[in-house]
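**Student:** A single structure is presented below for examination.
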Amino acid sequence: MNIISLLTSRLSATLVLLVGAILLLPACATGPSHPAPPAMAADQAAPAYIIGPGDNVNIFVWQQPDLSVTVPVRPDGRINTPLAEDVVAAGKTPTQLARDMEQELSAYVRDPVVTVIVTGIVGPYSQQVRVIGQATNPQALAYRENMTALDVMIAVGGLTDFAAGNRASIVRVVNGETQQYGVRLNDLINRGDIGANVQMMPGDILVIPETWF
Numbered sequence: 010m011n012i013i014s015l016l017t018s019r020l021s022a023t024l025v026l027l028v029g030a031i032l033l034l035p036a037c038a039t040g041p042s043h044p045a046p047p048a049m050a051a052d053q054a055a056p057a058y059i060i061g062p063g064d065n066v067n068i069f070v071w072q073q074p075d076l077s078v079t080v081p082v083r084p085d086g087r088i089n090t091p092l093a094e095d096v097v098a099a100g101k102t103p104t105q106l107a108r109d110m111e112q113e114l115s116a117y118v119r120d121p122v123v124t125v126i127v128t129g130i131v132g133p134y135s136q137q138v139r140v141i142g143q144a145t146n147p148q149a150l151a152y153r154e155n156m157t158a159l160d161v162m163i164a165v166g167g168l169t170d171f172a173a174g175n176r177a178s179i180v181r182v183v184n185g186e187t188q189q190y191g192v193r194l195n196d197l198i199n200r201g202d203i204g205a206n207v208q209m210m211p212g213d214i215l216v217i218p219e220t221w222f
């Protein structure tokens, strides 16, 4: 075999390998092999909001303006109000806290009627949605009813230039077991594919890896 034939043979082999690598690229870019997260059933109620440290709670006592106040939930999860000190608020729904406040105030007020409204929402750590990896502003977000991946990405400022958005995944605890679901953030944000939008759940962790290329 002369040198020209040898070079031609090697060049052909190189081209075959290069074409094969190019054909494999779409498969690498389509995203993780994890299944998409299941959609919430139409008749499935959204999880009740749980009060967390950092929230502000408006305690309204009917016909008792001196007892109606807005107070922050302390880092230890408790609140102080007139006639009721160190009441545990974190980990409860607003309705549960209202009933507890009625019990606390019943020693001073006849048949108190209390309503609790949460403002300045932060939520407990267990219900926050965390975004890590190649987001413009990775952070923990308070969960909102009907929150979607699009809502989360708007809140964190979108993807970085180095994000492999279609290989992102949601880590979720389901019935005590950790599950991982694929999500196509690049299709959602850069291509406007609303079909790639998925519902988020309290406690979800959205992981956005760095691109391989």
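By the working numbering, the letter at position 138 of the sequence shown is numbered 147, and the numbering carries on one by one without gaps.
For each residue, glycine too, the CB sits at the ideal point set by N, CA and C.
All values derive from a computational prediction rather than experimental measurement.
Beta-carbon separation of His43 and Gly185 under 8 Å?
**Tutor:** For His43 and Gly185, no; Cβs fall outside 8 Å.
**Student:** Within the stretch 152–203, note down every full beta strand (DSSP E) run reaching 3 residues or more, in order along the chain.
**Tutor:** Listed in chain order, the complete beta strand (DSSP E) runs (minimum 3 residues) inside the stretch 152–203 are 177–183, 186–192.
**Student:** Where DSSP assigns a beta bridge to Ile88, which residues make up the other side?
**Tutor:** Beta-bridge pairing links Ile88 to Val96.
**Student:** Quick one, are the C-beta atoms of Met209 and Val161 less than 8 Å apart?
**Tutor:** Contact: yes.
**Student:** CA-CA distance, Glu219 and Thr128?
**Tutor:** Glu219 and Thr128: Cα-Cα distance of roughly 36 Å.
**Student:** Start and end of the alpha helix (DSSP H) containing Arg108?
**Tutor:** Taken as a continuous stretch (DSSP letters only), the alpha helix (DSSP H) holding Arg108 covers 103–114.
**Student:** Please look up how many angstroms separate the CB atoms of Asp75 and Pro91, rounded, as I've assumed it's under 8 Å.
**Tutor:** Contact flag correct, Cβ pair sits at about 6 Å.
**Student:** Just verifying my parser: in three-state terms, what is the DSSP assignment at Ala57?
**Tutor:** The answer is coil: DSSP assigns Ala57 none of H, G, I, E or B.
**Student:** How should Gly61 be labelled, buried or exposed, when 16 other C-beta atoms within 10 angstroms of its C-beta is the threshold for buried?
**Tutor:** Gly61 should be labelled buried.
**Student:** How big is the Cα-Cα spacing for Trp71 and Asp213?
**Tutor:** Computed Cα separation, rounded: 38 Å.
**Student:** Taking C-beta to C-beta, are Ala107 and Val125 nearer than 8 Å?
**Tutor:** The answer is yes: Cβ separation under 8 Å.
**Student:** Go to Val207, then tell me how far its beta strand (DSSP E) extends in each direction, as first and last residue.
**Tutor:** Taken as a continuous stretch (DSSP letters only), Val207 belongs to no beta strand (DSSP E), as it is neither H nor E.
**Student:** Answer with buried or exposed for Gly201, where buried requires no fewer than 16 other C-beta atoms within 10 angstroms of its C-beta.
**Tutor:** Flag for Gly201 reads exposed.
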